[in-house]
Ligand SMILES: Cc1cc2nc3c(=O)[nH]c(=O)nc-3n(C[C@H](O)[C@H](O)[C@H](O)COP(=O)(O)OP(=O)(O)OC[C@H]3O[C@@H](n4cnc5c(N)ncnc54)[C@H](O)[C@@H]3O)c2cc1C
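Residue numbers (my numbering), protein chains in the order written: chain B, 737 to 899; chain U, 19 to 308.
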């Protein structure tokens, strides 16, 4: 994605717990830098205009669209992508819940769903169904019809409470 | 689907931002929350050569209560406004309106100053600010000035701001005793831009309605005696106003539909104004506010 003579700016940010430094063109979107410079392909790119929520990441603990900010703006930020959550052997409770409740089919929206759900549960440990639907309203899923996703978040709240 | 190359500046004072914009001329653009500008850049509908990111400018965020005025900094996000307890207490329509904007991930970045400067005909803040007789505080090459909302919004996505102008705050007259404001809108899904929305301000029998989402700019109608009319006469007045309004047709709704719904939405905005939360719970709020 590099232009031959484009000026680059060095940024340092915390990505999934590690300090990382990278030179970026100002026009590079944070979503692209996370995928292409850091290999974090769990950042799924959908609409690139903020509507679908597939590229949702946490910046300083808050869910945002990574396609609607430039990487240069993330200087000093703490970024979490779905790769920060768990491993296949030791999944995060939110991931376990999505698996148990079949909260996904094709999986494209899943990283954004999981991260938004995690941010919600970090603030409201035991949300109502309405609160879950409100929080997830900015993440589109074209497979599930949302029902199982909502159930997965309810289950995740239980799993987190159990510790 | 990627922006063209641009030069990036992130000044930390308003003066520096104005200076950079002045140098940039028509190439320059302010970047605030990026929730409207970046989508347009991704689609290359906007191709600024120089971006002046004002997020690091100090003092542009937050709410101040001054004598007779409430001043909301331009960089205050929709979410900040939603969460502000004292603001919600003094002017509940601010919380009710913030709840209708986009989704969680949009509200935590998008700003009131950006929304007003963007002047989307379906956006909540330009209409709410107009309804409240607010003005924008603007810093430019010639110094600071105050611009009324009517003067600021010139058309769809068009304002009278000059290229080197920065909106620093919205200045809202503090509500006087007995004044109530509420908001209601219809959207296809929670968080979508409104198909039709209205802000109602009432005091005694007088009513002022400001609609958004119908035409190219917010449109207002007022009556000093509305409250004294019979229910039937009120309904007729609202329908007449709906008929009169300028309305556009698009993929989602025809102009005729919008004009009819304008009367219904106005009625509900009036109920919202009468309620303690300015329509928050009755509205299709789009997100969780935590
Ligand atoms: C999926 C989605 C749904 C949305 N839904 C809604 C909705 O329902 N209602 C709604 O109102 N909005 C909605 N928005 C838009 C959102 O509210 C934006 O935050 C807002 O319109 C622009 O604010 P911003 O801070 O992001 O501005 P930016 O995108 O940074 O800038 C927008 C424009 O304003 C100019 N500008 C910004 N700040 C200033 C300033 N201080 N002085 C001078 N010029 C300035 C910029 O140069 C640019 O031209 C939605 C956005 C998305 C992506």
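All C-beta atoms, glycine included, are put in the ideal place defined by N, C-alpha and C.
Would you mind sorting residue 274(U) into buried or exposed? The rule is 16 or more other CB atoms within 10 Å of its CB.
Counting the other CB atoms within 10 Å of its CB gives residue 274(U) a total below 16, which places it among the exposed residues.
Please look up how many angstroms separate the CB atoms of residue 93(U) and residue 78(U), rounded, as I've assumed it's under 8 angstroms.
4 angstroms
Using the beta-carbon of each residue, which ones in chain B are nearer than 7 angstroms to residue 147(U)?
Here the premise fails: no neighbours, minimum Cβ distance about 23 angstroms.
Exposed or buried, residue 30(U), counting other C-beta atoms within 10 Å across all chains shown (16 or more means buried)?
exposed
Consider the C-beta atom of residue 774(B) and the heavy atoms of ligand 1; say whether any pair is separated by less than 7 angstroms.
no
Kindly indicate if chain U contains any beta-carbon less than 8 angstroms away from that of residue 807(B).
no
Alpha helix (DSSP H) containing residue 173(U): first to last residue?
Where residue 173(U) is concerned, there is no enclosing alpha helix (DSSP H), although the beta strand (DSSP E) it sits in stretches over 171 to 173.
Count the other C-beta atoms from every protein chain shown that fall within 10 angstroms of the C-beta of residue 305(U), then say buried if there are 16 or more, exposed otherwise.
Annotation note: pLDDT 39 at residue 305(U) (below 50); position unreliable, no value reported.
Can you find a C-beta in chain U that's less than 8 angstroms from the C-beta of residue 800(B)?
yes
Does residue 813(B) have its Cβ less than 8 angstroms from a Cβ in chain U?
At a cut-off of 8 angstroms between beta-carbon atoms, residue 813(B) makes no contact with chain U.
Between residue 181(U) and residue 44(U), is the Cβ-Cβ spacing less than 8 angstroms?
yes
So, using beta-carbon positions, are residue 300(U) and residue 291(U) closer together than 8 angstroms?
no
What residues match up with residue 71(U) in a beta bridge as DSSP calls it?
Note: residue 71(U) sits in a beta bridge opposite 49(U).
Take residue 148(U) and list the residues in its own chain whose beta-carbon comes closer than 7 angstroms to its own, dropping the five residues that flank it on each side.
Cβ within range, chain order: 167, 168, 228, 236, 238.
In this structure, how does DSSP classify residue 144(U) when only helix, strand and coil are distinguished?
helix
Under 7 angstroms from any heavy atom of ligand 1, does the C-beta of residue 127(U) make it?
yes
One question on the structure: do residue 830(B) and residue 892(B) come within less than 8 angstroms of each other, judged by their Cβ atoms?
yes
Taking all protein chains shown into account, decide if residue 785(B) is buried (16 or more other Cβ within 10 angstroms of its Cβ) or exposed.
buried
For residue 195(U), name the three-state secondary structure that DSSP assigns.
coil
Along the chain, where does the beta strand (DSSP E) containing residue 215(U) start, and where does it finish?
214 to 221
How is residue 793(B) classed by DSSP in three states: helix, strand or coil?
strand
Around the C-beta of residue 250(U), are 16 or more other C-beta atoms found within 10 angstroms, so that it is buried, or is it exposed?
When all chains shown are included, residue 250(U) counts as exposed.
Which two residues bound the contiguous beta strand (DSSP E) that contains residue 821(B)?
Neither: residue 821(B) is in no beta strand (DSSP E) and is coded neither H nor E.
What is the DSSP secondary structure of residue 862(B), reduced to helix, strand or coil?
coil
Taking Cβ-Cβ distances shorter than 9 angstroms, what residues in chain U pair up with residue 771(B)?
Those do not exist, as residue 771(B) stays about 13 angstroms from chain U at its closest Cβ, beyond 9 angstroms.
Within 10 angstroms of its Cβ, does residue 186(U) collect 16 or more other Cβ (buried), or is it exposed?
buried
Output the distance between the C-alpha atoms of residue 116(U) and residue 770(B), rounded to the nearest integer angstrom.
30 angstroms
Is the beta carbon of residue 50(U) closer than 8 angstroms to that of residue 72(U)?
Taking 8 angstroms as the Cβ cut-off, residue 72(U) and residue 50(U) qualify as a contacting pair.
Which bits of chain U does residue 789(B) rub up against, with CB to CB less than 8 angstroms?
121, 123
If you measure from the beta carbon of residue 53(U) to each beta carbon in chain B, is any gap under 8 angstroms?
yes
Along chain B, in chain order, which residues have C-beta atoms closer than 9 angstroms to that of residue 144(U)?
Listed along chain B is no residue with a C-beta nearer than 9 angstroms to that of residue 144(U); the closest approach is about 19 angstroms.
Measure the beta-carbon distance from residue 211(U) to residue 144(U) and round it to whole angstroms, keeping in mind my assumption that it falls under 8 angstroms.
Not quite, the Cβ-Cβ distance comes to about 12 angstroms (not below 8 angstroms), so this is no contact.
Less than 8 angstroms between the C-beta atoms of residue 874(B) and residue 789(B), yes or no?
Annotated as proximal: residue 874(B) and residue 789(B), with beta-carbon spacing under 8 angstroms.
To the nearest angstrom, report how far apart residue 224(U) and residue 283(U) are at their CA atoms.
18 angstroms
On a Cα-Cα basis, can you pick out the residue from 882(B), 815(B), 885(B), 782(B) that is closest to residue 748(B)?
815(B)
Going by DSSP, what residues sit across from residue 202(U) in a beta bridge?
216(U)
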